[in-house]
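A.B. asks: Dropping the structure in here first, questions after.
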Amino acid sequence: MGTINNIAQILQTQFPQISDRQLREEISEVGQLLHFGAGETLLDYGNYVKMVPLIVKGSIKVSREDEIESKELLLYFLNAGETCSMSFTCCMMDKKSAIRTEAIEPTTIIGIPIKYVDLWMTKYTVWKNFVMRSYDNKMLELVKVIDNIAFRGLDTRMKNFLQSLSESTGSNILSYTHQQIADDLNVSREAVSRLLKKMENLGLVKLSRNQITFLG
DNA sequence: ACATTAAGTGATT
DNA sequence: AATCACTTAATGT
Numbered sequence: 000m001g002t003i004n005n006i007a008q009i010l011q012t013q014f015p016q017i018s019d020r021q022l023r024e025e026i027s028e029v030g031q032l033l034h035f036g037a038g039e040t041l042l043d044y045g046n047y048v049k050m051v052p053l054i055v056k057g058s059i060k061v062s063r064e065d066e067i068e069s070k071e072l073l074l075y076f077l078n079a080g081e082t083c084s085m086s087f088t089c090c091m092m093d094k095k096s097a098i099r100t101e102a103i104e105p106t107t108i109i110g111i112p113i114k115y116v117d118l119w120m121t122k123y124t125v126w127k128n129f130v131m132r133s134y135d136n137k138m139l140e141l142v143k144v145i146d147n148i149a150f151r152g153l154d155t156r157m158k159n160f161l162q163s164l165s166e167s168t169g170s171n172i173l174s175y176t177h178q179q180i181a182d183d184l185n186v187s188r189e190a191v192s193r194l195l196k197k198m199e200n201l202g203l204v205k206l207s208r209n210q211i212t213f214l215g
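Residue numbering for the first sequence follows numbering that gives the first Met the number 0, beginning at 0 and increasing consecutively.
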């Protein structure tokens with residue numbers, strides 16, 4: 000009964016990579032199950048990272064802030080079965096967070112206190128591999144994001160955005176305003192509206208107030 | 001009916 | 001593609 004068995008079960012289904020039984024037990028003992036509502040911020044710029052999240056359910060938006068202009072840029076979404084690679088480095092170096100994470104739908108995580116994150120790196124090969132692989136995955140995705148910003152136009156970025164948002168939420172109906180997209184992609188709202196209008200004419204999306212249906 | 005907010009549009013840079 | 005200066009449409013009170 001109770002939390003411990005719960006977390007152990009969740010780990011088996013959502014994080015099969017964490018295959019070490021003893022490690023799973025340790026996670027069950029020190030990890031805590033946390034819930035966040037849509038729009039809730041898990042971690043803000045400048046906060047100290049005190050936990051590393053294993054995402055069990057839902058999805059999380061990870062963004063970077065420009066210190067000078069206080070503008071935001073969406074980096075990527077995190078989904079169930081994933082973890083926040085940025086948290087690892089931040090917490091191990093005891094640095095303030097350079098990112099903001101926000102639940103975009105009801106989300107459940109297993110929070111792991113940082114002291115264990117560090118400790119397990121040497122204790123469990125499985126954990127080290129898990130951390131390294133997550134890091135590598137997100138680094139690759141980040142490179143793609145940079146490529147898109149540097150070498151592709153807004154239309155590619157928009158398609159990628161809609162694609163990953165609908166994958167993250169598991170729905171092609173996206174409750175997002177043009178302004179929110181503009182903020183995430185760091186472009187003007189008018190540019191978003193005009194591009195979406197074009198895409199609608201091409202049959203790629205269907206537009207309505209506060210909602211975009213992605214027909215990809 | 002009125003106010004507020006989201007979205008569409010043309011002109012300018 | 002950004003910004004401005006609107007207009008139009010949807011929605012809440």
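Quick reminder that beta carbons are idealized off the backbone N, C-alpha and C, glycines included. Just so we're clear, the structure is a prediction, and the values are computed from it rather than from any experiment.
Starting from V61, trace the alpha helix (DSSP H) both ways and give me its first and last residue.
C.D. replies: Indexing the first sequence from 1 puts residue 61 at position 62. Unbroken run through V61 is the beta strand (DSSP E), S58 to D65; no alpha helix (DSSP H).
A.B. asks: What's the call for Y47, buried or exposed, on a 16-neighbour Cβ count within 10 Å?
C.D. replies: If you number the first sequence from 1, residue 47 lands on position 48. So Y47 counts as exposed.
A.B. asks: Closest by CA to D146, which one among N159, Y134 and T88?
C.D. replies: Along the first sequence, one-based indexing puts residue 146 at 147. Among N159, Y134 and T88, the Cα nearest to that of D146 is on N159.
A.B. asks: Whole angstroms is fine: what's the gap from I67's alpha carbon to L164's?
C.D. replies: Mapped onto the first sequence, residue 67 falls at position 68. Mapped onto the first sequence, residue 164 falls at position 165. Taking the straight line joining both Cα atoms gives about 28 Å.
A.B. asks: Tell me whether E189 is buried or exposed, calling it buried when 16 or more other Cβ atoms sit within 10 Å of its Cβ.
C.D. replies: Taking the first sequence and counting its residues from 1, one reaches residue 189 at position 190. Flag for E189 reads exposed.
A.B. asks: Tell me which residues share the same chain as L33 and place their Cβ nearer than 6 Å to its Cβ, disregarding the 5 neighbours each side in the sequence.
C.D. replies: Stepping through the first sequence from its first residue, residue 33 is reached at position 34. Cβ within range, chain order: I108 and G110.
A.B. asks: To the nearest angstrom, report how far apart I26 and T12 are at their CA atoms.
C.D. replies: The sequence position of residue 26 within the first sequence is 27, counting from 1. The sequence position of residue 12 within the first sequence is 13, counting from 1. Going from the Cα of I26 to the Cα of T12 covers about 14 Å.
A.B. asks: In this structure, how does DSSP classify F14 when only helix, strand and coil are distinguished?
C.D. replies: If you number the first sequence from 1, residue 14 lands on position 15. If DSSP states are grouped into helix, strand and coil, F14 belongs with coil.
A.B. asks: So what does DSSP say about T121, is it helix, strand or coil?
C.D. replies: Numbered from 1 along the first sequence, position 122 holds the residue referred to as residue 121. Helix.
A.B. asks: What distance in whole Å lies between the Cβ atoms of V61 and Y75, which are believed to be in contact at a cut-off of 8 Å?
C.D. replies: Mapped onto the first sequence, residue 75 falls at position 76. Mapped onto the first sequence, residue 61 falls at position 62. About 6 Å separates the two Cβ atoms, so the contact holds.
A.B. asks: Tell me whether the beta-carbon of L53 lies closer than 8 Å to the beta-carbon of T88.
C.D. replies: For the purposes of this step, residue 53 is identified with residue 54 of the first sequence, where counting begins at 1. For the purposes of this step, residue 88 is identified with residue 89 of the first sequence, where counting begins at 1. Contact: no.
A.B. asks: What's the gap between the Cα of V130 and the Cα of K137?
C.D. replies: As a working note, residue 130 is residue 131 in the first sequence. As a working note, residue 137 is residue 138 in the first sequence. The straight-line gap from Cα to Cα measures roughly 11 Å.
A.B. asks: If we require 3 or more residues per run, which beta strand (DSSP E) segments fall completely within the region 134 to 215?
C.D. replies: Taking only runs of at least 3 residues, the beta strand (DSSP E) segments lying wholly in the region 134 to 215 are 204 to 207 and 210 to 213.
A.B. asks: Is it the case that the Cβ atoms of I59 and L77 are separated by a distance below 8 Å?
C.D. replies: Walking along the first sequence from the start, residue 59 turns up at place 60. Walking along the first sequence from the start, residue 77 turns up at place 78. The answer is yes: Cβ separation under 8 Å.
A.B. asks: Can you look up V48 in the DSSP assignment and give me helix, strand or coil?
C.D. replies: The count along the first sequence starts at 1 and reaches residue 48 at position 49. Coil at V48, not helix or strand.
A.B. asks: When the distance is taken between beta carbons, is M157 closer than 8 Å to L194?
C.D. replies: Locating residue 194 in the first sequence gives position 195, where the first residue counts as 1. Locating residue 157 in the first sequence gives position 158, where the first residue counts as 1. It is a contact, given that the beta carbons lie within the stated cut-off.
A.B. asks: Between the beta-carbon of P220 and the beta-carbon of G36, is there less than 8 Å?
C.D. replies: Lying outside 0 to 215, the shown extent of the chain, residue 220 is not represented and no answer is given.
A.B. asks: Enumerated in chain order, which unbroken segments of the beta strand (DSSP E) with a length of 3 residues or greater are wholly contained in the region 65 to 117?
C.D. replies: DSSP runs (the beta strand (DSSP E)) wholly in the region 65 to 117: 70 to 78, 98 to 102 and 106 to 112.
A.B. asks: Find the nearest neighbour of T100 within the set D117, G45, V116 and V29, judged by alpha-carbon distance.
C.D. replies: Against the first sequence, residue 100 aligns to sequence position 101. Closest by alpha carbon: G45.
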